[in-house]
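Data block below; observations after.
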Amino acid sequence: MSENQNLLAEQRRALILDEVRRRGGVRVNELTRKLGVSDMTVRRDLDALARQGVLEKVHGGAVPVVEASTHEPGFEAKSGLELTAKEDIARAAAALVAPGSAIALSGGTTTFALAHQVLDVPDLTVVTNSVRVADVFHAAQRVAGPRPGAATVVLTGGVRTPSDSLVGPVADQAIGTLHFDTLFLGVHGISVEAGLSTPNLAEAETNRRLVQSARRVVVVADHTKWGVVGLSSFAALEQVDTLVTDSGLAEDDRAEIAEHLRVVVAGREESGSAGADS
184 MSENQNLLAE QRRALILDEV RRRGGVRVNE LTRKLGVSDM TVRRDLDALA RQGVLEKVHG
244 GAVPVVEAST HEPGFEAKSG LELTAKEDIA RAAAALVAPG SAIALSGGTT TFALAHQVLD
304 VPDLTVVTNS VRVADVFHAA QRVAGPRPGA ATVVLTGGVR TPSDSLVGPV ADQAIGTLHF
364 DTLFLGVHGI SVEAGLSTPN LAEAETNRRL VQSARRVVVV ADHTKWGVVG LSSFAALEQV
424 DTLVTDSGLA EDDRAEIAEH LRVVVAGREE SGSAGADS
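Next comes the structure, spelled out in structure tokens:
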């Protein structure tokens with residue numbers, strides 16, 4: 184299958200998932216009309232999304248999965264979702280990274296995309312509790328060989344989660360001794376009431392330490408994270424300086440978030456009155 188075909192499938196599946204979540208369910212024949220593709224193509228897309236655990240197939244269509252607040256999808260399940268949005272967010276967030284700075288990248292598929300975007304920023308020190316993020320820098324340096332200005336990567340250690348983050352007392356102790364200019368933080372969920380949250384209690388504590396050790400906190404999250412609440416909250420919106428998101432976030436939601444912090448939307452910027460750092 185060609186790269187273009189893969190991209191079209193990814194875009195189509197993102198549209199299907201948005202439709203299922205927005206409407207609470209959808210029928211195959213409705214999707215074929217909306218997307219202009221065959222029944223077989225739609226059914227293959229539904230099969231793929233069902234394997235990722237983000238929707239449930241029913242007779243003639245699909246419904247959203249009602250996830251418990253303790254459910255934590257694995258890295259592979261999340262990596263196939265909202266790919267275009269994550270790439271847009273990563274490019275916008277990379278513009279906030281200054282050469283020679285110390286940054287932290289938490290675990291997550293959006294921070295993983297961001298890691299690829301900052302490989303050429305000179306003289307970075309990168310603190311991360313993500314095995315996947317560390318591997319991005321390691322692979323790039325292995326291919327390019329030693330070069331001036333290459334990033335120094337500090338991997339915290341800890342116990343590995345389903346999303347390939349390292350958490351727990353070892354990670355917490357390491358992070359607590361460090362200070363970085365900017366934290367780029369991926370989240371499971373974000374809302375006005377619950378703030379930033381995750382289904383993993385140990386990860387919540389590690390994320391608290393990351394937030395405490397950062398001079399500036401930048402959350403990188405696509406529009407599907409808004410309104411999602413995990414088991415444990417680890418930061419209030421007022422502790423966040425900037426949210427970098429994609430254009431799929433509704434205007435009303437952007438306005439609500441902008442009352443608490445600065446919002447950057449996939450290439451264009453909106454600043455809220457509270458928490459803004461502009």
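Under this note's numbering, the sequence shown is numbered contiguously, ending at residue 461.
Ideal Cβ placement from N, Cα and C applies to all residues, glycine included.
- The residues Ala-334, Val-336, in chain order, have a CB closer than 6 Å to that of Phe-320 in the same chain once the five nearest residues on each side in sequence are set aside.
- By the Cβ-count criterion, Thr-360 is exposed, with fewer than 16 other Cβ atoms from all chains shown falling within 10 Å of its own Cβ.
- With fewer than 16 other Cβ atoms from the protein chains shown falling within 10 Å of its own Cβ, His-242 counts as exposed.
- Its chain contains Leu-229, Ala-233 as the residues whose beta carbon lies nearer than 7 Å to that of Lys-240, once the 5 sequence neighbours on both sides are disregarded; these appear in chain order.
- In this structure, the alpha-carbon of Pro-345 lies about 11 Å from that of Val-314.
- About 6 Å separates the Cβ atoms of Gln-422 and Val-394, confirming a contact at the 8 Å cut-off.
- Around the Cβ of Ser-221, a 10 Å sphere holds fewer than 16 other Cβ atoms; the residue is exposed.
- Burial check for His-362: the Cβ neighbour count within 10 Å stays below 16, so the residue is exposed.
- The distance from the Cβ of Glu-193 to that of Thr-267 is about 7 Å, consistent with a contact at the 8 Å cut-off.
- CA-to-CA, the gap between His-371 and Val-301 works out to about 23 Å.
- Relative to Arg-205, the option among Ala-419, Glu-442, Thr-407, Val-316 whose CA is nearest is Thr-407.
- Straight-line measurement puts the Cα of Asn-383 at about 18 Å from the Cα of Val-402.
- Beyond the five residues adjoining it in sequence on each side, Asp-347 comes within less than 7 Å, by CB distance, of Phe-258, Gly-290, Ser-313, Val-314, Arg-315 in the same chain, given in chain order.
- According to the DSSP secondary-structure assignment, Ser-416 is paired through a beta bridge with Ser-380.
- Taking a C-beta distance under 8 Å as the contact criterion, Gly-208 and Val-246 qualify as a contact pair.
- Taking all protein chains shown into account, Arg-445 has 16 or more neighbouring C-beta atoms within 10 Å of its C-beta and is therefore buried.
- With a 10 Å radius around the Cβ and a threshold of 16 neighbouring Cβ atoms, Val-309 comes out buried.
- Around the CB of Val-326, fewer than 16 other CB atoms lie within 10 Å, so the residue is classed as exposed.
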